[in-house]
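Those letters in the sequence shown? Residues -4 to 373, per the numbering used here, in order.
Every residue gets a Cβ at the ideal spot worked out from N, C-alpha and C, and that includes glycine.
Okay, structure first, notes after.
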Amino acid sequence: MAFQLSGEHEAIRTAVREFAEEEIVPVAREHDESGEYPEELRQEAAEYDFVAPNIPEEYGGAGMDALAGSIVTEEFWRADPGIGSAVGSAGFGSDMLIEYGSEWMKEEWLPEIAAGEAVSASAISEPAHGSNVAGIETRAEQDGDEWVIDGNKTWITNGSVADVAIVMTKTDPGAGHQGITAFLVPTHLDGFSAEKIDNKLGIRASDLAELRLDDVRVPEENVVGEVNEGFYQLMEFFASGRTSVAAQAVGAAQGALDAAREYATEREQFDQPISEFQAIRHKLAEMATNVDAARSLAYRAASAVESDADDAVRLASMAKLFASEHAVDVADEAIQVFGGAGYVTDHPAERYYRDARITKIYEGTSEIQKNIIADRLV
-4 MAFQLSGEHE AIRTAVREFA EEEIVPVARE HDESGEYPEE LRQEAAEYDF VAPNIPEEYG
56 GAGMDALAGS IVTEEFWRAD PGIGSAVGSA GFGSDMLIEY GSEWMKEEWL PEIAAGEAVS
116 ASAISEPAHG SNVAGIETRA EQDGDEWVID GNKTWITNGS VADVAIVMTK TDPGAGHQGI
176 TAFLVPTHLD GFSAEKIDNK LGIRASDLAE LRLDDVRVPE ENVVGEVNEG FYQLMEFFAS
236 GRTSVAAQAV GAAQGALDAA REYATEREQF DQPISEFQAI RHKLAEMATN VDAARSLAYR
296 AASAVESDAD DAVRLASMAK LFASEHAVDV ADEAIQVFGG AGYVTDHPAE RYYRDARITK
356 IYEGTSEIQK NIIADRLV
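Structure below.
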């Protein structure tokens, strides 16, 4: 499959890169060290339609396609994965609302998310259930015209800063994956609490939390889609989610490569820049090749997701697997190019290494991606 970026896509890249270099790069180290959520940056990004760019124009968004969304994600992560994750994830769950939400849900929440006035979260993982979505234990029981939700969620991006969350629950515990329902849950409701998870290895500016839902009551109109259809609804968005992670990995890898290349041309040993040594040149060549290969696969996957192609699921898993594995490798080689300087926080190499590592885990581990790819092959 061959494709070429349109002039519009290139213009989006230029705009995002300019914003990222002017606003994100100068404060990247500060947010990494403090772990502070970049609230002001998120609001600024929203002014340029860079927050949840997938939201349709009729609801206040930019209505960008999947490929444009990947470019936005890539450029943010190229500047800094931590802040890029925080800003780029502010609309988690919006795809579910766009596709399955009632009209009142869309009108109430999508414009606020797009405008940077609200943050959303998608609450799926639990302490005992990560990759096994069908095994979730959070329950919702109907009580008159309300549903009562009880359970724990963990590793939830935006968990402690979100204004609303799409919460996956069991509404028919004996039915396995056929008994899962998605609910729209405003986080101010009684019984909803969040505890931030600190001391992360990387993407420290991105909010991560454990959620507790104790007898949280929501009206029956807060069912997203249909009762007991949540698992099937969720499966439709894993391909787009994995494509987004592939773009994240590409951005982190490109950022690490840029840093290594710049350092190699400035650092001198034996009376010449280390970029003149064949060993360093070969490292940079291999790093650049892997970044470009990952980018091509990520863009191809995004195009397949946008067109709802038959191979979208396979390509998304391939893109995530390849891009995430090589992002870590490229970041590792960047540290090697920096030498001892790459092992300290004075330079960004070690930050890209720490930040890139998460892309091999969330939205399905590398091992899960291999299973999916193999299933499609055989």
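Alpha-carbon to alpha-carbon, residue j and residue i
i: residue 304; j: residue 320; result: 25 angstroms
i: residue 302; j: residue 295; result: 11 angstroms
i: residue 258; j: residue 71; result: 21 angstroms
i: residue 242; j: residue 290; result: 7 angstroms
i: residue 269; j: residue 330; result: 14 angstroms
i: residue 249; j: residue 139; result: 54 angstroms
i: residue 279; j: residue 246; result: 16 angstroms
i: residue 42; j: residue 264; result: 46 angstroms
i: residue 90; j: residue 233; result: 11 angstroms
i: residue 204; j: residue 19; result: 23 angstroms
i: residue 237; j: residue 30; result: 25 angstroms
i: residue 230; j: residue 359; result: 12 angstroms
Buried or exposed (CB count within 10 angstroms, at least 16 for buried), residue i
i: residue 178; result: buried
i: residue 76; result: buried
i: residue 1; result: exposed
i: residue 164; result: buried
i: residue 26; result: buried
i: residue 343; result: buried
i: residue 148; result: buried
i: residue 49; result: buried
i: residue 170; result: exposed
i: residue 355; result: buried
i: residue 37; result: buried
i: residue 196; result: exposed
i: residue 44; result: buried
i: residue -4; result: Since pLDDT at residue -4 reaches only 49, below the 50 mark, its modelled position is unreliable, and the value read off the structure follows with that caveat. Counting Cβ neighbours within 10 Å, residue -4 comes out exposed, since fewer than 16 surround it.
CB-CB length for residue i against residue j, believed under 8 angstroms
i: residue 120; j: residue 150; result: 5 angstroms
i: residue 217; j: residue 174; result: In fact, because the Cβ distance is near 18 angstroms, the residues do not count as touching under 8 angstroms.
i: residue 7; j: residue 66; result: 6 angstroms
i: residue 4; j: residue 47; result: With a Cβ gap of about 18 angstroms, residue 4 and residue 47 do not count as contacting.
i: residue 211; j: residue 180; result: 6 angstroms
i: residue 240; j: residue 315; result: 5 angstroms
i: residue 135; j: residue 166; result: 5 angstroms
i: residue 292; j: residue 318; result: 7 angstroms
Among the options, the one whose alpha carbon lies nearest that of residue i
i: residue 33; options: 84, 195, 44; result: 84
i: residue 161; options: 86, 1, 193, 197; result: 86
i: residue 98; options: 24, 49, 220; result: 220
i: residue 143; options: 172, 80, 215, 263; result: 215
i: residue 159; options: 184, 37, 307; result: 184
i: residue 132; options: 208, 94, 92; result: 208
i: residue 261; options: 229, 336, 11, 95; result: 336
i: residue 172; options: 225, 145, 266, 367; result: 225
i: residue 328; options: 367, 271, 235, 252; result: 252
8 angstroms Cβ cutoff, residue i in contact with chain B
i: residue 287; result: Given the protein chain composition of this structure (a single chain), no chain B is represented.
Heavy atom of the ligand FMN within 7 angstroms of residue i beta-carbon
i: residue 281; result: By its list of ligands, the structure shown contains no ligand whatsoever, and the ligand FMN lies outside what it can speak to.
**Prompt:** Are the segment 48 to 55 and the segment 102 to 114 in contact at 8 angstroms, needing three or more beta carbon pairs?
**Reply:** yes
**Message:** Check whether the segment 57 to 71 and the segment 125 to 135 are in contact - that is, three or more C-beta pairs closer than 8 angstroms.
**Reply:** no
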